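Participant: Convert by adding 19 to the 1-based position in the sequence shown; the result is the number in my numbering. Submitted below is the structure of interest, expressed as structure tokens.
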Amino acid sequence: MKPIREKTVLAVEGRDEVNFFGALLRYLEITGFEIRDVGGKSQFKDKLPALVKMSGFSDVKALAVIRDADTDADAAFDSVRHVLTKEGLEPPACMNRFSDGNPVIGIFIMPGDSDRGMLEDLCLRTVKDHPAMECVNALIDCTSRLTNPPKITVKAQAQAFLASMPTIVNSVGIGAQKGYWNFDSSELSDLISFIDNLR
């Protein structure tokens, strides 16, 4: 891994999140961030300690860890908090907040206001009133009756929405880069408020 060069670091699950948050931060005109991909939610336990030991981390003023709730937001939060505590850091006592330590540590569990969910849920909420969602919902209703329907419905919905755009892309992160998700949506207010703490 390359040395850390910025004073503020976002640690996220994968490439989709790197692309999504890169687009969101550009949209918000926030600079001075470095986004690090840990390679999947199961990798936080190995990659966060490696990040903390990396050259340049001693100069970091703020670390924000962002991951999906999946089926249990509390378990996702506790898992990240445990890893950070083991590394001698001071994570926040509750999710979607920052601690007062040095560096300040924040943990945001997506989509941000529920026990379960992921980046795709958050993205889809931003376009819930988009005309294409009527088509997406009809398709998902149809596929739900198949013998072998999509295993993760929200991922299928996100892909169907992206397939309805003028230039088709195959990931929510690239969709963010194309401006397909509505960054002005109030659905992002909790996430943006979290990120704003780092300005």
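Virtual Cβ for every residue (Gly too), placed ideally from N, Cα, C. A quick note: this is a predicted structure, and the numbers were derived from the prediction, not measured.
Would you kindly work out how many angstroms separate the C-alpha atoms of Asp119 and Pro168, rounded to a whole number?
Facilitator: Going by the C-alpha atoms only, they are around 46 Å apart.
Participant: By DSSP's criteria, Ile54 is part of a beta bridge. Which residues make up the other side?
Facilitator: In DSSP, Ile54 forms a bridge with Leu29.
Participant: What are the boundary residues of the alpha helix (DSSP H) that Ile63 is part of?
Facilitator: At residue 63 the sequence reads Phe, which differs from the Ile that was named. Here the alpha helix (DSSP H) through Phe63 covers 63 to 71.
Participant: The alpha helix (DSSP H) that contains Asp140, what's its start and end?
Facilitator: Counting along the chain, the alpha helix (DSSP H) containing Asp140 begins and ends at 138 to 145.
Participant: By the 10 Å Cβ neighbour count, where 16 or more other Cβ atoms means buried, how is Pro150 classified, buried or exposed?
Facilitator: Flag for Pro150 reads exposed.
Participant: In whole angstroms, give me the CA-to-CA distance for Ile159 and Ser77.
Facilitator: Approximately 48 Å, taken between the alpha carbons.
Participant: Are the stretch 25 to 35 and the stretch 43 to 63 touching by the rule of at least three beta carbon pairs closer than 8 Å?
Facilitator: Yes, they touch.
Participant: Look at the Cβ atom of Arg135, then the Cβ atom of Ala92, and state whether they are nearer than 8 Å.
Facilitator: Yes.
Participant: With distances taken from CA atoms, which of Leu181, Phe117, Met137, Ile187 is nearest Gly59?
Facilitator: Gly59 has its Cα closest to that of Met137, out of Leu181, Phe117, Met137, Ile187.
Participant: Check whether the stretch 187 to 203 touches the stretch 89 to 103, taking contact to mean three or more Cβ pairs, one atom from each stretch, closer than 8 Å.
Facilitator: Because the criterion of three Cβ pairs below 8 Å is not met, the stretch 187 to 203 and the stretch 89 to 103 do not touch.
Participant: Does the distance from the CB of Arg116 to the CB of Gly125 come in under 8 Å?
Facilitator: The answer is yes: Cβ separation under 8 Å.
Participant: Any idea what DSSP makes of Leu82, helix, strand or coil?
Facilitator: Three-state DSSP puts Leu82 in a strand.
Participant: Check each candidate in Val146, Gly198, Phe40, Glu36 and name the one with the smallest Cα separation from Asp215.
Facilitator: Ranking Val146, Gly198, Phe40, Glu36 by Cα distance to Asp215 puts Phe40 first.
Participant: What residue ranges within the stretch 165 to 203 form continuous alpha helix (DSSP H) runs of no fewer than 4 residues, ordered along the chain?
Facilitator: Here the runs fully enclosed are 172 to 182, 191 to 196.
Participant: Nearest to Met114 by CA position, among Arg86, Leu141, Thr90, Lys105, is which residue?
Facilitator: Here the closest residue by C-alpha is Arg86.
Participant: Hey, how far is the Cα of Lys101 from the Cα of Pro185?
Facilitator: The sequence shown places His at residue 101, rather than the Lys named in the question. Cα to Cα, the separation comes out at about 44 Å.
Participant: Does the distance from the C-beta atom of Ser204 to that of Thr145 stay below 8 Å?
Facilitator: Contact flag set, yes.
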